[in-house]
Amino acid sequence: MLDLKLEDIDGILVRYNVALEKEMTPDEAAEELYPKDELIYPIAKSIYEGEEDDVVDGLKAAIAAGKKPIDLINDALMVGMGVVSKLYDDGIIFLPNVMMSADAMLNGIEFCKSQTTEVPEPKGTVVCHVAEGDVHDIGKNIVAALLRAAGYDVTDLGRDVPVDEVIAAVVKGKPIMLTGTALMTTTMYAFKEINDKLLEKGLKLPFACGGGAVNQDFVAQYDLGVYGEEASDAVKIADAILASGNDIEKLRAEFHKH
Amino acid sequence: MVKKYTSMAYAKADDMLFGNAKFPVKTGLGLEIGAGYTTPEINYAPRPQAGKSKDKLIKEYERITTDVMSRMVQIGAPSIILETEHVEQMSNNPSWGAEVAHAQKTIMEEYHDEYGIKCALRHTIGDIREDRDFLQLRGDKYSVFLEAFEECAKSGADMLAVESMGGKEVFDYSILRNDTAGILFGIGVLGSIDMEMIWTDIAKIAKKTGTVATGDTDCAQANTAMFIAGGLLDKNLAHTTAIVARAISAPRTLCGFEAGATGPGKDCGYENTIIKAISGVPIAQEGKSSTCAHSDLMGNVTMQCCDVWSNESVEYHGEFGGTTVQCWSETLAYDCAMMNTALKLGKGKDLRDILALSDKYRDPQGYVVSYENAYRVGQAIAKDGNNNYLRAKNAALESCNIVEEGINSGKLRLTRFEINALAKVKADLVALTDDADKFMSESLTKYKQEVAVFRPENYGL
Numbered sequence: 001m002l003d004l005k006l007e008d009i010d011g012i013l014v015r016y017n018v019a020l021e022k023e024m025t026p027d028e029a030a031e032e033l034y035p036k037d038e039l040i041y042p043i044a045k046s047i048y049e050g051e052e053d054d055v056v057d058g059l060k061a062a063i064a065a066g067k068k069p070i071d072l073i074n075d076a077l078m079v080g081m082g083v084v085s086k087l088y089d090d091g092i093i094f095l096p097n098v099m100m101s102a103d104a105m106l107n108g109i110e111f112c113k114s115q116t117t118e119v120p121e122p123k124g125t126v127v128c129h130v131a132e133g134d135v136h137d138i139g140k141n142i143v144a145a146l147l148r149a150a151g152y153d154v155t156d157l158g159r160d161v162p163v164d165e166v167i168a169a170v171v172k173g174k175p176i177m178l179t180g181t182a183l184m185t186t187t188m189y190a191f192k193e194i195n196d197k198l199l200e201k202g203l204k205l206p207f208a209c210g211g212g213a214v215n216q217d218f219v220a221q222y223d224l225g226v227y228g229e230e231a232s233d234a235v236k237i238a239d240a241i242l243a244s245g246n247d248i249e250k251l252r253a254e255f256h257k258h
Numbered sequence: 001m002v003k004k005y006t007s008m009a010y011a012k013a014d015d016m017l018f019g020n021a022k023f024p025v026k027t028g029l030g031l032e033i034g035a036g037y038t039t040p041e042i043n044y045a046p047r048p049q050a051g052k053s054k055d056k057l058i059k060e061y062e063r064i065t066t067d068v069m070s071r072m073v074q075i076g077a078p079s080i081i082l083e084t085e086h087v088e089q090m091s092n093n094p095s096w097g098a099e100v101a102h103a104q105k106t107i108m109e110e111y112h113d114e115y116g117i118k119c120a121l122r123h124t125i126g127d128i129r130e131d132r133d134f135l136q137l138r139g140d141k142y143s144v145f146l147e148a149f150e151e152c153a154k155s156g157a158d159m160l161a162v163e164s165m166g167g168k169e170v171f172d173y174s175i176l177r178n179d180t181a182g183i184l185f186g187i188g189v190l191g192s193i194d195m196e197m198i199w200t201d202i203a204k205i206a207k208k209t210g211t212v213a214t215g216d217t218d219c220a221q222a223n224t225a226m227f228i229a230g231g232l233l234d235k236n237l238a239h240t241t242a243i244v245a246r247a248i249s250a251p252r253t254l255c256g257f258e259a260g261a262t263g264p265g266k267d268c269g270y271e272n273t274i275i276k277a278i279s280g281v282p283i284a285q286e287g288k289s290s291t292c293a294h295s296d297l298m299g300n301v302t303m304q305c306c307d308v309w310s311n312e313s314v315e316y317h318g319e320f321g322g323t324t325v326q327c328w329s330e331t332l333a334y335d336c337a338m339m340n341t342a343l344k345l346g347k348g349k350d351l352r353d354i355l356a357l358s359d360k361y362r363d364p365q366g367y368v369v370s371y372e373n374a375y376r377v378g379q380a381i382a383k384d385g386n387n388n389y390l391r392a393k394n395a396a397l398e399s400c401n402i403v404e405e406g407i408n409s410g411k412l413r414l415t416r417f418e419i420n421a422l423a424k425v426k427a428d429l430v431a432l433t434d435d436a437d438k439f440m441s442e443s444l445t446k447y448k449q450e451v452a453v454f455r456p457e458n459y460g461l
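First to last, the sequence lines map onto chains A and B.
Numbering-wise, the UniProt record's numbering puts 117 at position 117 of the first sequence, and it's gapless, one number per residue.
Numbering-wise, the UniProt record's numbering puts 266 at position 266 of the second sequence, and it's gapless, one number per residue.
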């Protein structure tokens with residue numbers, strides 16, 4: 001076949017990612033962020049490495065040294081996950097690393113809960129679902145994992161969720177936010193029905209939507225809709241609600257980019 | 001038993017060209033695919049509120065069909081394919097899909113009769129074999145699934161397709177955890193098992209109804225990897241991992257043709273150049289004219305060997321230039337006019353190479369699907385064509401080798417992260433057994449334990 005000369009390629013494409021790549025390796029960057037406490041450090045590092053067994057070993061050591069299991073959730077597990085989240089936000093590590101770290105952290109939380117009768121205090125509850133008629137749930141699964149990793153209590157309703165079931169979960173769970181994902185244009189119409197039923201009941205909570213065919217214009221058509229372009233936006237929207245309240249217009253001003 | 005491909009349809013990569021397939025397919029109203037010319041294929045989605053009732057849906061598809069056919073006649077396009085990808089309501093209620101097919105075909109026949117435009121209607125049935133909690137690949141859902149094919153075929157669809165989801169439960173778990181063995185198991189083993197079953201049955205329906213079983217695509221898995229990988233600056237998945245998933249998708253998609261499909265394969269099967277190299281069937285592809293649906297770093301290279309050129313899918317609504325289906329079908333038609341002009345002038349291979357080269361070094365995915373590399377992946381598959389596991393592993397390893405060669409040439413420049421991810425995937429693959437039974441046994445044990453929604457009985461295991 002015909003071929004390009006090496007020196008001609010730069011005139012056809014620019015590898016912005018190669019030019020921008022950080023000098024520091026991900027491991028080096030993580031090392032700079034770990035807490036220095038010698039009991040917390042191995043837990044945080046094990047979360048970054050996604051090593052579930054090592055996380056539990058670290059927790060056992062910390063508990064044996066006198067740390068309270070319930071405190072370790074915020075003081076060690078969330079701190080370790082915070083390192084992972086920062087590296088992901090900075091573009092240093094990729095999503096699979098975050099997912100594996102989230103698995104390790106959640107495993108650690110379960111272990112801590114098994115060691116105490118105290119109940120951990122979540123940052124808030126978020127209800128997640130995939131629109132009725134739609135069985136594509138990888139996006140929702142990422143959203144739920146990232147929210148849990150950020151300390152939220154997630155009620156995961158699964159996929160192909162009937163409208164009334166979503167409403168019932170919101171009534172029961174009193175979440176700070178509802179999320180919806182969809183792949184098809186005809187399934188995402190369910191979002192509008194959910195919006196209308198929530199308003200009928202006087203429930204004015206942000207309804208963060210995204211996925212496949214979902215776009216900002218559609219989401220902005222209903223009163224509670226806040227569009228999330230990336231799965232990681234769900235965490236940012238939830239954090240914004242905790243920080244500044246659930247004013248939909250303010251959230252749209254921050255997250256509607258187009 | 002299906003007959004597996006163990007040799008290549010083409011003696012060499014250079015023999016492959018757009019608009020030309022070793023085994024052309026006649027379909028619809030005067031259309032022949034892969035017989036020396038390319039044809040545009042417009043794909044669309046109804047507006048959200050159109051799904052509220054059957055009547056609204058039929059009306060929406062009538063508008064879409066009329067808009068496309070009228071625009072094609074207005075610009076003098078010699079041929080057009082309409083692809084209706086079912087919304088779930090149409091596949092779950094086979095009579096709905098059938099009525100839509102009938103309504104569309106009636107309009108297309110009127111245009112064919114009046115203007116002689118060559119045209120065909122493809123219906124892509126939704127893979128509805130899921131309930132809320134589990135894939136339910138066999139059983140009652142499967143009966144409705146097959147009924148949807150048959151009813152559409154009887155009512156006007158000329159070409160039958162699907163984007164099936166066998167293996168997706170294991171794949172979804174694995175791709176988010178950099179689990180190479182799980183990706184291989186989900187796509188290459190479980191996906192292949194499911195493909196052999198469904199395409200044997202779909203091909204029978206096509207034969208019975210005089211329609212064309214066109215093929216499948218690994219949209220649910222390889223495209224998921226590609227979408228998660230995103231653009232050059234995205235940080236969700238290594239593109240080197242995504243191309244390994246793509247390579248593994250080729251032997252899986254090939255199963256459809258081994259079970260009786262004849263092409264043209266589905267547009268979003270970016271593995272299709274590999275498929276064409278092995279099987280000689282015509283293929284549909286999408287690229288720069290599917291940016292209405294997604295971005296994929298392979299705008300031109302996918303056109304290199306296509307026989308049908310598609311826009312993937314666009315929501316039906318108004319634009320300045322007409323409705324979206326009018327705008328995008330017109331764009332596709334001009335793309336095809338360019339390719340067909342090159343063929344008439346004897347410049348087809350030059351254009352093919354220009355198309356491939358314009359993307360080849362952009363990304364490891366484009367690098368591997370560039371036709372001469374795609375051919376090599378095809379050879380790796382055909383070498384162990386009778387063994388679904390081994391040929392998937394071969395394809396994955398060969399794609400790693402090809403990307404490494406590209407890096408070593410200096411022309412494919414990747415980030416350190418991408419290179420490390422490639423090394424990890426390759427090391428994982430090298431460490432895997434060559435014994436298919438052993439791999440199957442180990443994987444069943446591991447994923448039954450790790451993936452709560454994985455049910456081996458879906459695959460007859």
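Glycine included, C-beta positions come from ideal geometry on N, C-alpha and C.
Residue i and residue j look like a contact to me (Cβ under 8 Å); what is the Cβ gap, rounded to whole Å?
i                      : j                      : result
residue 368 of chain B : residue 246 of chain B : 7 Å
residue 385 of chain B : residue 391 of chain B : 6 Å
residue 403 of chain B : residue 241 of chain B : Going by Cβ atoms, the distance from residue 403 of chain B to residue 241 of chain B rounds to 11 Å, so no, they are not a contact pair.
residue 174 of chain B : residue 195 of chain B : Wrong, their Cβ atoms sit about 18 Å apart, outside the cutoff.
residue 396 of chain B : residue 244 of chain B : 5 Å
Which of the three DSSP states, helix, strand or coil, is assigned to residue i?
i                      : result
residue 239 of chain B : helix
residue 16 of chain B  : coil
residue 24 of chain B  : strand
residue 159 of chain B : strand
residue 123 of chain B : strand
residue 32 of chain B  : strand
residue 215 of chain B : strand
residue 400 of chain B : helix
residue 303 of chain B : helix
By DSSP's criteria, residue i is part of a beta bridge. Which residues make up the other side?
i                      : result
residue 323 of chain B : B/318
residue 127 of chain A : A/155 and A/178
residue 207 of chain A : A/178 and A/225
residue 82 of chain B  : B/42 and B/121
residue 309 of chain B : B/40 and B/285
residue 265 of chain B : B/283
residue 161 of chain A : A/131
residue 130 of chain B : B/135
What's the gap between the Cα of residue i and the Cα of residue j?
i                      : j                      : result
residue 109 of chain A : residue 78 of chain A  : 9 Å
residue 167 of chain B : residue 293 of chain B : 24 Å
residue 311 of chain B : residue 45 of chain B  : 12 Å
residue 105 of chain A : residue 251 of chain A : 29 Å
residue 86 of chain A  : residue 71 of chain B  : 51 Å
residue 6 of chain A   : residue 13 of chain A  : 12 Å
residue 60 of chain A  : residue 76 of chain A  : 12 Å
residue 378 of chain B : residue 221 of chain B : 19 Å
residue 152 of chain B : residue 212 of chain B : 12 Å
residue 144 of chain B : residue 132 of chain A : 19 Å
residue 17 of chain A  : residue 232 of chain B : 6 Å
Should residue i be flagged as near chain B, meaning a C-beta pair shorter than 9 Å?
i                      : result
residue 328 of chain A : This structure cannot settle anything about residue 328 of chain A, because the visible part of chain A is limited to 1 through 258.
residue 21 of chain A  : yes
residue 180 of chain A : no
residue 195 of chain A : no
residue 148 of chain A : no
residue 6 of chain A   : yes
residue 48 of chain A  : no
residue 170 of chain A : no
Flag residue i as yes if its beta-carbon sits less than 9 Å from any beta-carbon of chain E, otherwise no.
i                      : result
residue 358 of chain B : Although the question refers to chain E, the structure presented lacks it and instead comprises the protein chains A and B.
I want to see whether chain A comes within less than 9 Å of residue i, judged by CB atoms only; does it?
i                      : result
residue 10 of chain B  : no
residue 170 of chain B : no
residue 51 of chain B  : yes
residue 415 of chain B : yes
residue 71 of chain B  : no
residue 103 of chain B : no
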